[in-house]
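In UniProt numbering, the protein residues as written are 1 to 146.
We put the beta carbon where it would ideally sit given N, CA and C, even for glycine.
Owing to the predicted nature of the structure, the values given are computational and were not obtained by experimental measurement.
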Amino acid sequence: MEIQVKNFEELSTKELYDLLQLRSEVFVVEQDCVYQDIDGKDERALHILGWEDGKLVAYTRCFKAGDYFDEASIGRVLVRENYRKLGYGHEITKASINAIKTNYKADKIKISAQVYLVIFYESHGFKTYGDRYLEDGIPHIAMVRA
């Protein structure tokens, strides 16, 4: 998988279309969750794009401290359904952590993790804190990597 890191202005129209389409495919259709994905925050984010044979297969968006949470953060973490189990989730997460360190000079990162992915995120150094909560009807928990 080839990984690219781009700010909003660097995204081509096709790349923006691809990432919005994939986010909708995973978070709205697959997870059967009606929510406002286009939330006005993409313009402030770093977009981490994972490509395989010209097809967007993995994605995250990252924020500097203060743009989403008080800490730097990673969100919208996804891998296209038929590309899961290939390690791409780990690759895109590592790339996102590195992008935050490189671009924002931050070591502390906060995420809002779907509960079923806690062990995955723990493998990347994140630790849970606080109580579980519902976000868009899906159980989540806050996690921080320091």
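Where does R132 fall in DSSP's three states? Against the sequence shown, residue 132 aligns to sequence position 132. R132 falls in the strand class under three-state DSSP.
Contact defined as beta carbons within less than 8 Å: I believe C33 pairs with D107. What is the distance between those atoms, to the nearest angstrom? For the purposes of this step, residue 33 is identified with residue 33 of the sequence shown, where counting begins at 1. For the purposes of this step, residue 107 is identified with residue 107 of the sequence shown, where counting begins at 1. In fact, because the Cβ distance is near 31 Å, the residues do not count as touching under 8 Å.
If you run the structure through DSSP and keep just helix, strand and coil, what is F126? In the sequence shown, the residue the question calls residue 126 occupies position 126. Here F126 sits in coil by DSSP.
Presumed contact (8 Å Cβ cut-off) between M1 and E71, rounded CB distance: In the sequence shown, counting from the first residue as 1, residue 1 sits at position 1. In the sequence shown, counting from the first residue as 1, residue 71 sits at position 71. Their Cβ separation, rounded to whole angstroms, is 27 Å, which puts M1 and E71 out of contact at 8 Å.
How far does the alpha helix (DSSP H) with A99 in it extend, from its first residue to its last? Taking the first residue of the sequence shown as 1, we reach residue 99 at position 99. Here the alpha helix (DSSP H) through A99 covers Y88 to Y104.
Excluding the 5 residues flanking Y35 on each side, which residues of the same chain have their C-beta closer than 6 Å to its C-beta? In the sequence shown, the residue the question calls residue 35 occupies position 35. So the list reads D136, once near-sequence residues are dropped.
Pick from T102, Y104, K127 and K85 that is closest to A113, judged by C-alpha positions: Taking the first residue of the sequence shown as 1, we reach residue 113 at position 113. Checked all of T102, Y104, K127 and K85; the closest Cα to A113 is K127.
Does DSSP put K64 in a helix, a strand or coil? The count along the sequence shown starts at 1 and reaches residue 64 at position 64. If DSSP states are grouped into helix, strand and coil, K64 belongs with coil.
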